[in-house]
Each structure stands twice: as C-alpha cells, then as structure tokens.
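Q:
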Amino acid sequence: MRRFIAPRRTLLAVFLLALAACRGEVPQTPLCVCPPTEPPRTPQATPALRAEPASWEALPGWRADRPSQAWDAFLAGCPRLETLDPAWQTLCREAREQPREDAVLRRFLEQRLRPWRLVAVQPDGSARDTGLATGYYEPLIAASRTPDARHRTPILGPPADLVTVDLGEVAPVTKNLRLKGRLEGHRLVPYHSRAEIRALGERLPAPVLFWAADELDFFFLQIQGSGLLRLPDGATLRIGYADHNGHPYRSIGRLLIDSGELTLQEASAQGIRRWLERHPERRQEVLDANPAYVFFRELPADGPGPLGTLGVPLTPQRSLAVDPAHLPLGAPLYAAVSGTQPFARLMLAQDTGGAIQGPLRVDVYEGSGKEAGERAGRRRDEVALWLLWPADADPPAASR
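All letters in the sequence shown, in the order written, are residues -20 to -1, 1 to 380 by mature numbering (1 follows the signal peptide of the UniProt record, and there is no 0).
1. Verify whether the separation of the beta carbon atoms of threonine 332 and threonine 295 is less than 8 Å.
2. For a test of the three-state rule: what should DSSP assign to alanine 100, helix, strand or coil?
3. Do the CB positions of glycine 349 and leucine 85 come within less than 8 Å of each other?
4. Output yes or no for whether 8 Å exceeds the beta carbon distance between valine 344 and glycine 148.
5. How is the beta strand (DSSP E) around glycine 357 delimited, first residue to last?
6. Quick check on alanine 186: buried or exposed, where buried means 16 or more other Cβ atoms within 10 Å of its Cβ?
7. Whether or not the stretch 236 to 250 and the stretch 308 to 316 are in contact is what I'm after, with contact meaning three or more pairs of Cβ atoms, one per stretch, closer than 8 Å; do they touch?
8. Helix, strand or coil for alanine 364, going by three-state DSSP, please let me know.
9. What do you get for alanine -15, buried or exposed, if any count of 16 or more other CB atoms within 10 angstroms of its CB means buried?
10. Where DSSP assigns a beta bridge to threonine 144, which residues make up the other side?
11. Taking proline 59 as part of the alpha helix (DSSP H), name the residues at either end of that continuous run.
12. Suppose you measure from the CA of alanine 34 to the CA of glycine 41; what does that come to, to the nearest Å?
13. Please identify the residue among Gly165, Pro212 and Phe276 whose C-alpha is closest to the C-alpha of leucine 201.
14. For glutamate 362, collect the residues of the same chain with a Cβ closer than 8 Å to its Cβ; drop the 5 residues on either side in sequence, then sort them by chain order.
15. Determine the closest residue to tyrosine 229 out of Pro138, Gln91 and Asp268, with distance taken between C-alpha atoms.
16. Nearest-angstrom Cα distance between aspartate 223 and glycine 205?
17. Rounded to whole angstroms, what's the CA-CA distance from alanine 44 to arginine 60? Just pull it up for me.
18. Going by DSSP in three states, proline 260 sits in which element: helix, strand or coil?
19. State the Cα-Cα distance for the pair arginine 97 and tyrosine 314, rounded to the nearest angstrom.
20. Mapping the DSSP letters down to three states, classify residue 421 as helix, strand or coil.
21. Give me the DSSP bridge partner(s) of tyrosine 292.
22. Going along the chain, which unbroken runs of the alpha helix (DSSP H) with 4 or more residues stay wholly within the stretch 208 to 274?
23. Would you kindly check if the distance between the Cβ of methionine 327 and the Cβ of arginine 298 is under 8 Å?
24. When you compare only the Cα positions, how much space is there between alanine 83 and alanine 272?
25. Quick one: give me the first and last residue of the alpha helix (DSSP H) that alanine 67 is part of.
26. Look at the alpha carbon of glutamate 278 and the alpha carbon of glycine 207, and state the distance between them as a whole number of angstroms.
27. Please tell me whether tyrosine 117 and alanine 356 are closer than 8 Å, where the distance is taken between their beta carbons.
28. Answer with buried or exposed for glutamate 346, where buried requires no fewer than 16 other C-beta atoms within 10 angstroms of its C-beta.
29. In its own chain, which residues sit with a C-beta less than 6 Å from the C-beta of valine 71, not counting the 5 before and 5 after it?
30. Does the distance from the CB of leucine 368 to the CB of leucine 89 come in under 8 Å?
31. One question on the structure: do alanine 100 and glycine 338 come within less than 8 Å of each other, judged by their Cβ atoms?
32. Taking only three categories from DSSP, how would you classify isoleucine 135?
33. With a CB to CB cut of under 6 Å and the five nearest residues on each side skipped, what residues in its chain are close to arginine 235?
34. Classify leucine 163 as buried or exposed, calling it buried when 16 or more other Cβ atoms lie within 10 Å of its own Cβ.
35. For proline 286, name the three-state secondary structure that DSSP assigns.
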C-alpha cells in the first residue's frame, strides 16, 4: 500500500524542473524531451513575441509575389485556423471559392487579412525584428529491403519497448509535454541513445524497415525527419517520421565549430559531410555526439509529398517549420529573407522541429533531392516576418 502520495502541485513542480529548457511539439515530429539523467535546471527566461500592426506597403516584394503558388498550402491550414478564431471560418470558406489568379488572390488577402510585424522581445526589454532562417529538405538516398555487402545501415521502425508519457494528463500547464523512455521493472528510465542503439544492434526490439547504403546519408536523413529511398531495382518510395528516442538534438556542426575543426562559415551540411569523409577514424565519435535518434514508417509510394506537423503535404519554398509555442500552426506568414539566398513571399507555418525554437526562428522547406539539399545546407539567413491575420480579429501577442 502507498504510504505517501505527493500532492499534484508537488508532482507538477518536479516535472517542470526535470523538463526545464524543453518544449513539447505536436505529434509527427521529434519532441524536445530532456533525458531524466540530466540534473534539473533552473528555468530560464525566453524571448516573447510581440505583433505590431503594419501595412501591406511595408511588405517588401509583396506586389511581385505569386500567392497562387501558395494557395493550396494556405487552404490546408484552414481546418487548424478555424479552431483558433471564429473569424477564420468565414474567411476560409470564401478563400476556397477564389479563382487561382494572382491579382484576385492578392486583393482577397489585402481585403480580408491584416499584416502584423513580428518582434522578439528579450527578457531585458530589448527588441529585435529579424530572426534566423535555415533550410531543410527531403533527401534521396540509396537503400534496400534486405541487407547485403553494400546496404548495411538499418532504418528502424519504432521499438516495442519505447514508452511515451503524456504529461498533459497531469495538469494543463504541461500540455504537449511528453517523456520518452523504457521500463526497467516499475521505473521509467531514459531510452537508449544513438550510440546505445547502434551497439545493441539486433537485440533492440525494433523492426528493420530498410537498409541504407551510406551511414552518413541516413544520418542526415534522420535530421530532416523524412526522405526518399531509391531501391536497387530503381523504384522510389518515401519514409516519414514515426517516433524518436526522447533525447535532445545536438548539433554536430556546433561540436566541430567549438572544437576548432570548422569555422562557422564552413559548417554547412556540405562542409560537415566533407569533414566526416576526411576523418573516418572520428566519424562514429562525432555522429554519436548527437544522442537523438528518429524512427520511421513507410509511406505510400504514390502518396503526396512529406507531411509536416500539421499533417498536410509540405510545399517547397512555401512551407515553414516554426516554434508552435510562439506561432500557430497553419498561420499564413510573409517572410522576407536577406542573405546569400534572398526571397520575399507568402509562406505557411506547417511544420516544427527540435532545433526550431524561439519567436523569430524558422526553417524553410526547400523540396526534395540534391539541389534542394544544397540550398538547405547553405541557408543561414536573416528573416523578417509578418503574421497575416483576419482584419477584424487580434492575432496572438497583438500590440497596439
């Protein structure tokens, strides 16, 4: 019999301490969950988001953009938006009836929506109206359904002993927070890290879906969260995110920068890969420094493109991964990116990612294949964001 049951408030405090610096995501992408083996941390203040009213004339390149190219993605976000504010219900119904002509769609947006410039307010009160835009893509790698001398890296489905604890059932404040682990007797312990999963091999109770031909190809595919597989017979199929081991993502690029192996300018995806190929004796050590591990599921070969967190196909260079703690999924955003690969266009918040944290932090979905991968690997640009919200409603974090 139980001799003592801690009050719910006490349990909640323990959970919050254990999860400090972690932020839950919604299903279909990795959730940031700190391993219980790490000591509790004191919660740190994070930037807040402020939305300031703006005019359409303030959006650089607005008249040159082609909203018709983003309209399917815009409509895909409507079911989520309609649950956030009643104003979206009428707006989305009318949006579905619009002809796909840029001038008509631009006029519709100008009449029904209002742009709000997004500003990150730091804990010290200082404000910044630009953030960081990186890129991600859907890789294409060689793989096989059976192992052989060439295909030796397993692509795993979710293990049978992986346990997920939804902390939203404890208290509303822990909504969307989840623990990942495995049971040892009556204790929930951290799930195996990347290095431990590799060492366990066939002893891990996880199905092997495919075998990749190149360990580095598969490692970068895991970071992207989905990918295309080219089989030996020439057939192409898609795999998508199914689950993860609960460990936080750690950038091997940052590791190589901090150790003096690469400069910040050299630490693109291509630069990291070149370094790993030049130093095969250190490859495993560096890869294992990222303890996060993603498990996959096979998707229909003739299905739509990769699905984002919103559950809809991502649109190349129109879909964004955002931090849902600051920006609502499904929301239309106008993004003006400056840097080596500048653009300004209507985009949609349709995805999330373990490294995408903060009010002005976004990841641009670049598409599938080698060229998209090269764009994604090079993208590290400054971005200004405007949230587009119904003209007769206040958006999240509105400031007048």
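By construction, the Cβ of each residue, glycine as well, lies at the ideal position given by its N, Cα and C atoms.
Small disclaimer: the values here were computed from a predicted structure and weren't measured.
A: With the structure as the only source:
1. no
2. strand
3. no
4. no
5. Per DSSP, glycine 357 belongs to no beta strand (DSSP E); it is in the alpha helix (DSSP H), 350 to 358.
6. buried
7. no
8. strand
9. Reliability of the predicted coordinates at alanine -15 is poor, the pLDDT of 33 falling under 50, and the value obtained from them is presented with this limitation in mind. Exposed.
10. Lys160
11. 58 to 64
12. 15 Å
13. Phe276
14. Thr110, Gly111, Leu112, Ala113, Val317, Ser318 and Gly319
15. Asp268
16. 10 Å
17. 28 Å
18. helix
19. 9 Å
20. The structure shown does not extend to residue 421, since the chain is modelled only from -20 to 380, so the question has no answer here.
21. The amino acid occupying residue 292 in the given sequence is valine; tyrosine does not appear at that position. Per DSSP, none; premise fails for valine 292.
22. 232 to 238, 249 to 258 and 263 to 268
23. yes
24. 46 Å
25. 67 to 75
26. 10 Å
27. yes
28. buried
29. Per the sequence presented here, residue 71 reads as leucine, with valine not at that position. Excluding positions up to five away in sequence, the list reads Arg92 and Pro370.
30. yes
31. yes
32. strand
33. First, the amino acid is wrong: residue 235 is leucine here, not arginine. Hits under 6 Å: Ala269.
34. exposed
35. coil
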